[in-house]
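Using this note's numbering, you'd call the opening residue of the sequence shown number 141 and step up by one each time. Where a beta carbon is used, it is the ideal one built from N, C-alpha and C, also for glycine.
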Amino acid sequence: MSCMEGDPLEIIGDLIDGQFRVDSFVGFGDLSVVYPGFHTGLEADVAIKFLELPTTLDDALVAPLVRSFREGTKLHYRLARGHMHIAQSIGSGQTLAPRTGALLPYLVREWLDGESLNHNFADRRARNLTGRSLVEVVDLFRGAIEGLAYAHRQGVAHLALNPSNLFLAQNGPETRMKILDFGVAHAMNEHAGPIRAGKSAPFQPTGLRVLVPAYAAPEQLDAAIGQSGSWTDVYAIALLFVEALVDHPMFGDAPPPLDQALRPTARSVH
């Protein structure tokens, strides 16, 4: 494994802002790179998420996207303070990439033991498991749905819910589903253009949108349907809920159909 593969930002070992030590590389997120780290002041494990924009991105887009990332980290911090099922933020800031000198905005959040819902789905499929009971799925999603409802009461929608930003945090025998990247996804999507001009147009995302098409609501795929909002999150969490029930995506890997009558329901599949 090359240094780039094992440390894409070549930042392992650095001490960020004199308190966040970068310990190893864990993976890529939406427009980001995630590293396990250590808060030297609190003597606690943390996760450090760096914004990584494409090197080919127009310079005119970089500043507003970096600003959006910073705004998003502040929004997530405020939401997390109000609800335990939104992953807690510890700090944010910016540093320079040692290799390129590029500006790296970052977010530091609590370290969570457990696995992402994405990993959980993949593991169950690898073991040929074929569905969970309704009671089990309700218990699994309860915390995240409560956190989502709290954010909606504050007037904030996530707009990019997918299996990678829902985390099954393990605390002893208890598992709690927590929401990641709340404000970040919201702020980044504010700067993305409409996905298509009309219902006959092919799927073509514009700008930088933190969006997984397979979990997108119809209004995210066709601006003519209407605006996105809290209802967009409800559609996405319903898709994920149904997927957990049957152990396969409701619409496969393709974006959901734009027909608003085709709504994901537990009754239709279970």
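Three-state secondary structure (DSSP) at residue i?
i: Thr213; result: helix
i: Ile151; result: coil
i: Pro303; result: helix
i: Arg249; result: strand
i: Ile285; result: helix
i: Val352; result: coil
i: Ser273; result: coil
i: Gly222; result: helix
i: Val296; result: coil
i: Gly241; result: coil
Under the assumption that residue i contacts residue j (Cβ atoms under 8 Å), give the Cβ distance between them as a whole number of angstroms.
i: Glu250; j: Val352; result: In fact, because the Cβ distance is near 24 Å, the residues do not count as touching under 8 Å.
i: Leu191; j: Leu171; result: 6 Å
i: Phe165; j: Ile152; result: 7 Å
i: Ala406; j: Val382; result: 6 Å
Per the DSSP calculation, residue i is bridged to which residue(s)?
i: Phe160; result: Ile156, His179
i: Gly233; result: Tyr246
i: Leu308; result: Glu255, Met317
i: Val278; result: According to DSSP, Val278 bridges with nothing at all.
Near residue i, which residues of its chain fall below 8 Å by C-beta distance, leaving aside the five closest residues on each side in sequence?
i: Pro413; result: Residue 413 cannot be examined here, being either before or after the span of the chain that is shown, 141 to 410.
i: Ala262; result: none
i: Gly222; result: Tyr290, Gln294
i: Glu286; result: His223, His225
First and last residue of the alpha helix (DSSP H) that includes residue i?
i: Val377; result: The sequence given here has Ile at residue 377, not Val. That run of the alpha helix (DSSP H) goes 370-386.
i: Asp185; result: Where Asp185 is concerned, there is no enclosing alpha helix (DSSP H), although the beta strand (DSSP E) it sits in stretches over 184-191.
i: Gln360; result: 358-361
Identify the continuous beta strand (DSSP E) that holds residue i and give its terminal residues.
i: Arg316; result: 314-319
i: Phe168; result: 167-169
Report whether the distance from the Cβ of residue i to the nearest heavy atom of the ligand ADP is below 6 Å.
i: Leu243; result: Questions concerning the ligand ADP fall outside what the structure shown contains, since it holds no ligand whatsoever.
Under 6 Å Cβ to Cβ from residue i, same chain only, skipping five residues before and after it: list those, please.
i: Asp399; result: none
i: Val248; result: Phe160, Val186, Ile188, Ile230, Gly231
i: Tyr175; result: Val162, Phe165, Ile188
i: Val278; result: none
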